[in-house]
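Written out below as structure tokens is the structure these notes cover.
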Amino acid sequence: MSAPHATAIIEGYLARLDLGLGGSDPQRRRELVEDVRAHFAEARAALADETDADLLAICDRLGEPADLARKVGSTTVVAQPASAPYVWSWLEVAAIALTVMAWPVGAILMLLSRVWTRREKVIATAIGAVTFAMGFPLSAPFVGPVVGTLVPSLGSAAPLFVGTLGSLPLVAAAYLAYRLTRTNSPRVRLA
């Protein structure tokens, strides 16, 4: 005779085990769940008169599903595919070129790209934004008084200062191009 809640107890245990094995290889995961299912069937066959308490005792002998998943899953190594080197697509090439020639458009394309990390995007945007903000007509009331008093006080170094500010979009583009050349090493993750 079957226990009144046999299906709920067994299937609930197997569902929690399956959830705990979430990061492991799907084939190995199915095998492990089926092994535990077979263990339940074998243990149930040995019982003369099955009760819910008997099934719960079987679950207790197996242990918590999360612990069992960790113990069994720790022997499984799942290799992550090796990262391919970054490929220059039209979006990245256009972002780098337009960062120099038309900074706002280049910055937008750079932000749309999935190649650069958030940190790299923030750095490149901040570098290029300085020159754009200084040349933008709406910022003239704020930038004019500062630069207007600073440039004459620099004397012969003024052209160098202005040239450095003007070359910041080029620095941002060079930074983006440099960051495209980085490579990722293949990773192996333990499941």
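Numbered by our numbering, the letters in the sequence shown go through residues 185 to 375 in order.
Virtual Cβ for every residue (Gly too), placed ideally from N, Cα, C.
Under the 10 Å beta carbon count, K255 is surrounded by fewer than 16 other beta carbons and is classified as exposed. Counting C-beta pairs with one atom in each stretch, the segment 283 to 290 and the segment 232 to 246 have fewer than three that are closer than 8 Å, which means they do not touch.
No Cβ-Cβ contact shorter than 7 Å links A356 with A281. The criterion of a C-beta distance shorter than 7 Å is satisfied by A279 and L293.
Scanning A230, W274 and R212 for the CA closest to the CA of S297 turns up W274. In this chain, the alpha helix (DSSP H) harbouring A222 covers P210 to A229. Judged by DSSP in its simplified three-state form, D238 adopts helix. Taken through DSSP and simplified to helix, strand or coil, G207 comes out as coil. Distance check between E234 and each of L252, T191 and L201 places T191 closest, using alpha-carbon atoms only. For R363, the uninterrupted alpha helix (DSSP H) run begins and ends at L352 to L364, by DSSP.
Here the C-alpha atom of G206 lies approximately 15 Å from the C-alpha atom of E248. V220 and Y362 have their C-alpha atoms spaced approximately 52 Å apart. In the three-state scheme derived from DSSP, where H, G and I count as helix and E and B as strand, D233 is classed as coil. Taking C-beta atoms as the reference points, A250 and G312 fail to come closer than 7 Å. Assigned with DSSP and collapsed to three states, P288 falls in helix.
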